[in-house]
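Comments concern the structure below.
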Amino acid sequence: DLVAKRAALGQTAPEDLMANQAEFMGSKAGQRTLGTRMANIQMAATEAAKMMPIALSASNNVDRTQYPTLNHVLLAVEKGTGDENVTRLGVATNSLINAYARAISPSGVPTVHDKEHAREILANAFTKGNMQQH
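Put into structure tokens, the structure is as follows:
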């Protein structure tokens, strides 16, 4: 490479050559980290997108008069009092919440706040009766 040739000819100090190599290696490591992070976010987003129709289908099978809010559904699942449709919706909702939280987290590790945010979005959609795929 040009820098190595210049160093061999005495036109570039060995320290400059080493600094250039360190900068290149740092840039390469940064690009690898960024690529890994982007891949993880994309995987979580793809997982969330796949969970949406499952949650929507499960939501359509739950009686809104008996379970007017998503919280009612989740509590019924937790207590073991919901029927098969309620259980399916609870499981699908929790899976969707976890995938969404991973997708929106810059580190790929969801926080409690990320999960609360996802739960709030789904709860509002469920209560208004417009839980639908966007």
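So the sequence shown is numbered by the numbering used here: it starts at 61 and just counts up by one. Built from N, CA and C at the ideal position, the CB exists for glycine as well.
**Message:** Check whether the segment 147-159 and the segment 117-124 are in contact - that is, three or more C-beta pairs closer than 8 Å.
**Reply:** Yes: at least three Cβ pairs fall under 8 Å.
**Request:** Name the residue from 94, 83, 106 whose alpha carbon lies nearest to the alpha carbon of residue 161.
**Result:** Reading the sequence shown from its first residue, position 101 is the one you call residue 161. For the residues 94, 83, 106, the minimum Cα distance to residue 161 belongs to 106.
**Asked** CB residue 131 to CB residue 183, shorter than 8 Å?
**Response** One-based indexing of the sequence shown puts residue 131 at position 71. One-based indexing of the sequence shown puts residue 183 at position 123. Between residue 131 and residue 183, the gap from beta carbon to beta carbon is short of 8 Å.
**Asked** Can the beta-carbon of residue 104 be found less than 8 Å from the beta-carbon of residue 159?
**Response** Taking the first residue of the sequence shown as position 1, residue 104 is located at position 44. Taking the first residue of the sequence shown as position 1, residue 159 is located at position 99. The answer is yes: Cβ separation under 8 Å.
**Request:** Report the residue from 141, 97, 180 whose alpha carbon sits nearest the alpha carbon of residue 129.
**Result:** Counting from 1 along the sequence shown, the entry for residue 129 is found at position 69. When only C-alpha atoms are compared, the closest one is 180.
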